[in-house]
Amino acid sequence: CRWRSSLPQLDSADRSDEESGGEIDWDNLGFGLTPTDYMYVMRCSLEDGVFSRGELSRYGNIELSPSSGVINYGQGLFEGLKAYRAANQQGSYMLFRPEENARRMQHGAERMCMPSPSVEQFVHAVKQTVLANRRWVPPQGKGALYIRPLLIGSGPILGLAPAPEYTFLIYAAPVGTYFKEGLAPINLVVEDSIHRAMPGGTGGVKTITNYAPVLKAQMDAKSRGFTDVLYLDAVHKTYLEEASSCNLFIVKDGVVATPATVGTILPGITRKSVIELSRDRGYQVEERLVSIDDLVGADEVFCTGTAVVIAPVSSVTYHGQRYEFRTGHDTLSQALHTTLTSIQMGLAEDKKGWTVAI
Ligand code: COI
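In full-length UniProt numbering, each number is its position in the sequence shown, counted from 1, plus 58.
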């Protein structure tokens, strides 16, 4: 397939601030939405099945038919990845395993009956979006530019069927830490009546429809002072799956365990990287069923995700009982956080070829 795109010229207002995000308070970023300058848009009809003519345009509202597949039937996927200001090369930016996001989107698109961009198109579009919004990449150590690729059924459809047209869109926003706790340990609560996923469902792909259904549990947990929710499997209500926005790991007697990606678990790219980095440190890592009993007996618990990075868990509450875990110095999660973020920011040698410099 053929595709083209070129970097637009920055307006004079943008140019005066080309290397910084203007008035933004880099020290207090959090995970709120700061609109940036450009987004990338590429379209495809179901008939063609091939995306083409992707281009950057000014960030702003998009027009959608009221009968578009995404609005009516939730035919949509999203991705998340980050660009960091590179430590070792002045003026360049680092992406972390972007082709993994591209492949995950392709896998999800197959499940959701959508055509998807090629890996090459996806990575090219991500690079273009970062470069066009480069003034919004936070200074070293202050955060990252969060990149949000979307793939949506944008064409109109009334009866339940795949939409006739698809839009691939990427926007970006500068972000700091995901949870309000910052880098401090988080407190989770196990939810046993609302489930995130079910066997044969879509828990294992990054469809937009996995997220709104957990808002009720998440809001309820927040109102009770918890950071987030841990979901149980829908069949046995015994095995832990993941939190609303991140994967789960436990550590017991030097063995690391995480729920296996059996269809109800999102195959996180940070999860995959953490498994490899833990093995490199000599830990045995098991991808298996992780029960409530495993969790309450663990020495250490942590969550992983692109937005979350690696968040240590200080407590999990289950049926009103609070269980506490080791956090702070000499924990695996802290060591992994340092190793991972050093690679992502270009502070440590990337022996695995995970980073892509722009
Ligand atoms: C990410 O970690 O990038 C995600 O997609 C989770 C989202 C709920 C912020």
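The beta-carbon is built from N, C-alpha and C at its ideal position, and this holds for glycine as well.
In this structure, Val287 sits near Val272, with a CB-CB distance shorter than 8 Å.
A residue is called buried once 16 or more other Cβ atoms fall within 10 Å of its Cβ, and Gly262 is buried on that count.
Closest option to Val354, judged by alpha-carbon separation, among Ile333, Ala275, Phe383 and Tyr341: Phe383. Shown here for Gln402: same chain residues with a beta carbon closer than 6 Å to its own, the five before and five after excluded, namely Tyr142 and Phe154 in chain order.
The count of Cβ pairs closer than 8 Å, one atom from the segment 158-170 and one from the segment 203-210, reaches three, so the stretches are in contact. In terms of side-chain proximity, the C-beta atom of Tyr269 is found nearer than 7 Å to a non-hydrogen atom of ligand 1. From the listed residues Ile129, Ile333, Val181 and Gly340, the smallest Cα separation to Ile368 is found for Ile333.
At least one heavy atom of ligand 1 is found less than 7 Å from the C-beta of Ser303. Here the segment 97-109 makes contact with the segment 212-231; the two share three or more CB pairs at distances below 8 Å. With respect to the 8 Å criterion, Ile228 and Tyr98 are classified as neighbours on the basis of their beta carbons. As DSSP reads the structure, Ile308 sits in a beta bridge with Ala315 and Val359. Assignment of Arg339 by DSSP, reduced to helix, strand and coil, places it in the coil class. Bounds of the alpha helix (DSSP H) holding Val184 are Val177 to Ala190. Exclusion of the five residues before and after Pro257 leaves Val293, Gly321 and Thr322 as the residues of its chain whose Cβ lies within less than 7 Å of its Cβ. In the three-state DSSP reduction, Arg111 falls in the strand class (E or B).
Here Thr413 is not near Leu139, since their CB atoms are 8 Å or more apart. Out of Ser125, Met172, Tyr151 and Asn146, the CA that lies nearest to the CA of Phe136 is found in Met172.
For Leu347, same chain residues with a beta-carbon under 6 Å away, outside a window of 5 residues either side, are Tyr297 in chain order. Judged by DSSP secondary structure, Arg206 falls within the beta strand (DSSP E) whose first and last residues are Ala202 to Gly211.
Exposure of Ala270 is indicated by the presence of fewer than 16 other C-beta atoms within 10 angstroms of its C-beta. Under the DSSP assignment, Gly134 falls in the beta strand (DSSP E) whose first and last residues are Gly134 to Phe136. Using a cutoff of 7 Å, the CB of Gly138 counts as near ligand 1, since one of the ligand's heavy atoms is closer than that.
Comparing alpha carbon positions, the residue from Asp291, Ser303, Lys185 and Gly240 closest to Lys264 is Ser303.
Membership of Val354 in any beta strand (DSSP E) is not indicated; the residue belongs instead to the alpha helix (DSSP H) covering Ile350 to Val354.
Within the same chain, and ignoring the five residues on either side of Leu216 in sequence, the residues whose Cβ sits closer than 7 Å to its Cβ are Ser125.
Taking every protein chain shown into account, the CB of His182 has 16 or more other CB atoms within 10 angstroms, so this residue is buried. Excluding its 5 nearest sequence neighbours in each direction, Pro325 has C-beta neighbours in its own chain below 6 Å: Thr319, listed in chain order. Ser372 places its beta carbon 8 Å or farther from that of Ile266. A distance of 8 Å or more separates the beta carbons of Tyr151 and Val108. Distance check between Lys185 and each of Tyr96, Lys280 and Phe360 places Tyr96 closest, using alpha-carbon atoms only. In the displayed model, Lys409 falls within coil according to three-state DSSP, outside both helix and strand.
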